[in-house]
Amino acid sequence: MNEVECCTDDVEPFYEPLGLYVKPCARVNITLSLPQLKQPGQSISNWDLMEKIKKAVSPIQVCNFLCLL
356 MNEVECCTDD
366 VEPFYEPLGL
376 YVKPCARVNI
386 TLSLPQLKQP
396 GQSISNWDLM
406 EKIKKAVSPI
416 QVCNFLCLL
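Residue numbers for the sequence shown, in this note's numbering: 356 to 424.
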């Protein structure tokens with residue numbers, strides 16, 4: 356989960372002689388409690404959960420997801 360991606364959007368000069376710039380960054384942890392599954396063999400798709408969360412927080416861009424069971 357400690358991945359670094361280079362992005363030059365919204366960078367501001369910090370110390371230009373050394374080529375140092377800063378960019379605002381945020382990390383948010385979201386914990387979901389899922390209801391008990393009522394039927395044997397029923398499952399919940401991690402992909403569907405990720406898509407619903409992305410849609411709910413739009414226009415905020417979500418880069419990474421980690422699903423823990």
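The beta-carbon is built from N, C-alpha and C at its ideal position, and this holds for glycine as well.
- DSSP places residue 404 in the helix class (H, G or I) of the three-state scheme.
- A direct Cα-Cα distance of roughly 16 Å separates residue 386 from residue 418.
- Around residue 420, the same chain offers 405 as residues with beta carbons nearer than 7 Å, after the five sequence neighbours per side are excluded.
- Cα atoms of residue 415 and residue 403: separation of roughly 18 Å, rounded to the nearest angstrom.
- DSSP, read as helix, strand or coil, puts residue 371 in helix.
- In this structure, the straight-line span from the alpha carbon of residue 395 to that of residue 365 is close to 49 Å.
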